[in-house]
Amino acid sequence: MVLSEVGAAQQDVKHKIDKKEIKMPSKDLKFAGEAVFEAINNQIQGNNPPETKQTYDRLMKEIKNHDEVMKYIGVVMMAEILDILKSKKPFNKKRYIERLNKLPDISWAE
64 MVLSEVGAAQ QDVKHKIDKK EIKMPSKDLK FAGEAVFEAI NNQIQGNNPP ETKQTYDRLM
124 KEIKNHDEVM KYIGVVMMAE ILDILKSKKP FNKKRYIERL NKLPDISWAE
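The opening residue of the sequence shown carries number 64 in this note's numbering; numbering runs sequentially from there.
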């Protein structure tokens, strides 16, 4: 997997927002992205869930680029957030962890 595929998955999230599937002003989209990275950092530092840190460590060994690894994990988190907003159901930790474990494969996001 390459960074362009992560970018494509992020573009899919943006496309869903642009199509009004999820309503969010563009200035809020930037804030949301920053909040996602902060949440990922909190998960890694707090080791909660531990799979986030395990995934970060595993991907760093494979990819060796912090920003790229964070974008991969960000795709998983944004997908879960979109699922929560669309379904109006609570956070699905099992699905989140399953997606983390699939990284760097993000074919499920297409």
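The C-beta atom is built at its ideal place from N, Cα and C for all residues, glycine as well.
None of the values given here were measured: they were computed from a predicted structure.
Check: Going straight from the alpha carbon of Ala142 to that of Asn128, what length do you get?
Finding: 22 angstroms
Note to self: Buried or exposed, going by whether 16 or more other CB atoms sit within 10 Å of the CB of Lys108?
What the structure shows: Before going further, note that residue 108 is Gln rather than Lys in the sequence given. That one is exposed.
Checklist line | Whether Tyr119 touches Ile144 by CB criterion (8 angstroms) | finding: no
Notebook entry, point to check: Any idea if Lys151 is buried or exposed, counting beta-carbon neighbours within 10 angstroms, 16 or more meaning buried?
Noted result: exposed
Next item on the list: Can you say whether Ala98 is buried or exposed, counting buried as having 16 or more other CB atoms within 10 angstroms of its CB?
Entry: exposed
Notebook entry, point to check: Should Leu166 and Thr115 be called a contact, given that it needs their Cβ atoms to be closer than 8 angstroms?
Noted result: no
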